[in-house]
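Chemist: Numbering that gives the first Met the number 0 numbers the first residue of the sequence shown as 0 and each following residue consecutively.
One structure follows; several queries about it will come next.
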Amino acid sequence: MTQELGILITAAVTIGFFHTLFGPDHYVPFIVMSKARKWSFFKTAGITFLCGLGHVGSSVILGFIGIGFGLSITSLAPLESIRGSIAGWALIAFGFVYFIWGIRKAYRNKPHTHWHPHSDGKVHKHEHVHAEEHVHVHEDDGTRSITPWILFAIFVFGPCEPLIPILMYPAAQGHFFHVILVSVIFSAVTISAMLTIVLASVAGIKLLPFGRLERYTHALAGAAVLLCGVAIQFLGL
Numbered sequence: 000m001t002q003e004l005g006i007l008i009t010a011a012v013t014i015g016f017f018h019t020l021f022g023p024d025h026y027v028p029f030i031v032m033s034k035a036r037k038w039s040f041f042k043t044a045g046i047t048f049l050c051g052l053g054h055v056g057s058s059v060i061l062g063f064i065g066i067g068f069g070l071s072i073t074s075l076a077p078l079e080s081i082r083g084s085i086a087g088w089a090l091i092a093f094g095f096v097y098f099i100w101g102i103r104k105a106y107r108n109k110p111h112t113h114w115h116p117h118s119d120g121k122v123h124k125h126e127h128v129h130a131e132e133h134v135h136v137h138e139d140d141g142t143r144s145i146t147p148w149i150l151f152a153i154f155v156f157g158p159c160e161p162l163i164p165i166l167m168y169p170a171a172q173g174h175f176f177h178v179i180l181v182s183v184i185f186s187a188v189t190i191s192a193m194l195t196i197v198l199a200s201v202a203g204i205k206l207l208p209f210g211r212l213e214r215y216t217h218a219l220a221g222a223a224v225l226l227c228g229v230a231i232q233f234l235g236l
């Protein structure tokens, strides 16, 4: 292994980890959606993995196209910028729509009291929620949520900004195998970091008592995704 390749491998591991850790959009949407939509551990892991694969895969493919056609980094920069802008606005739009839907769902799901008199003169009451009962009737009707596919599409558009200019193009100055190696290492570290943060956070959230806030989880999830989009689009995270 040459010294240059060793530096690139170290950079791939370091950048892959920290660019994920400092980019809340890499994990917050999966954490809040897993809680709101009650995804299982394996479903959460599967969706996170596929979205992570789409996220890094799109940049890897674009990088190989640029290298293969001899394009300069400056030629790819505008395209990466456009992709990032699309992903940011898409997160904002999705988060806003989901937030409004969550507020509406929480309002419809507001508990109310029913009083029941009995022939012996006793009266008792219980809280009643129509919306939840309606959901239970249809929860096994075979329909599938499009939320995972929306997230996947957003992450495919979202670029891994440091991958092409900092890792792939410098690696291309050596052997083509070096480009493949640093791309695989960067992708593996990024996806592993996403999975670790998401699954650890989901496990921790399950221990928290939400109480009356439970019916607002969809609205809170939408707000969190919306804020992630704002952070990407306007704060450059």
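A virtual CB, placed ideally from N, CA and C, is assigned to each residue, including glycine.
Quick caveat, the model's predicted, so the values are computed rather than measured.
Does DSSP classify residue 38 as helix, strand or coil?
Modeler: coil
Chemist: Should residue 89 be labelled buried (16 or more other beta-carbon atoms within 10 Å of its own) or exposed?
Modeler: Taking a 10 Å sphere around the C-beta of residue 89, we find 16 or more other C-beta atoms and assign the residue as buried.
Chemist: Locate the alpha helix (DSSP H) running through residue 237, then write down its first and last residues.
Modeler: Given a span of 0 to 236 for the chain in the structure shown, any question on residue 237 remains unanswerable.
Chemist: How big is the Cα-Cα spacing for residue 199 and residue 177?
Modeler: Distance between the alpha carbons of residue 199 and residue 177 is about 33 Å.
Chemist: Indicate the three-state DSSP secondary structure (helix, strand or coil) for residue 2 in the structure shown.
Modeler: If DSSP states are grouped into helix, strand and coil, residue 2 belongs with the helices.
Chemist: Under DSSP, the alpha helix (DSSP H) around residue 144 begins and ends at which residues?
Modeler: Taken as a continuous stretch (DSSP letters only), residue 144 belongs to no alpha helix (DSSP H), as it is neither H nor E.
Chemist: Classify residue 238 as buried or exposed, calling it buried when 16 or more other Cβ atoms lie within 10 Å of its own Cβ.
Modeler: The chain is shown from 0 up to 236; residue 238 falls before or after that span and cannot be answered.
Chemist: Nearest to residue 239 by CA position, among 46, 34, 57, 48, is which residue?
Modeler: A question about residue 239 goes unanswered here, because the residues of the chain that appear run from 0 up to 236.
Chemist: Relative to the C-alpha of residue 222, which candidate in 95, 197, 213 has its C-alpha closest?
Modeler: 95
Chemist: Let me know if residue 174 comes out buried or exposed under the rule of 16 or more other beta-carbons within 10 Å of its beta-carbon.
Modeler: exposed
Chemist: Using the Cβ count rule (16 or more neighbours within 10 Å means buried), how would you classify residue 202?
Modeler: A residue is called buried once 16 or more other Cβ atoms fall within 10 Å of its Cβ, and residue 202, having fewer, is exposed.
Chemist: Using the beta-carbon count (16 or more within 10 Å), is residue 148 buried or exposed?
Modeler: exposed
Chemist: Using DSSP with H/G/I as helix, E/B as strand and the rest coil, what is residue 63?
Modeler: helix
Chemist: Using 8 Å as the Cβ pair cut-off and three pairs as the minimum, do the segment 58-65 and the segment 178-186 touch?
Modeler: yes
Chemist: Can you list, in chain order, the residues of its chain with a C-beta nearer than 7 Å to that of residue 39? Leave out the 5 residues immediately preceding and following it.
Modeler: none
Chemist: For the structure I just gave you, are there three or more beta carbon pairs, one from the segment 30-44 and one from the segment 202-220, closer than 8 Å?
Modeler: As far as the Cβ criterion goes, the segment 30-44 touches the segment 202-220, which means the pair count is three or higher.
Chemist: Confirm, please, whether the CB-CB distance from residue 29 to residue 6 is below 8 Å.
Modeler: Judged by beta-carbon spacing, residue 29 lies beyond the 8 Å limit of residue 6, meaning their Cβ atoms are not closer than that value.
Chemist: How close, in whole Å, do the beta carbons of residue 155 and residue 51 come, if the pair is a contact with beta carbons under 8 Å?
Modeler: With 8 Å as the limit, residue 155 and residue 51 do not qualify as a contact, their Cβ atoms being about 11 Å apart.
Chemist: What is the DSSP secondary structure of residue 226, reduced to helix, strand or coil?
Modeler: Correct three-state label for residue 226: helix.
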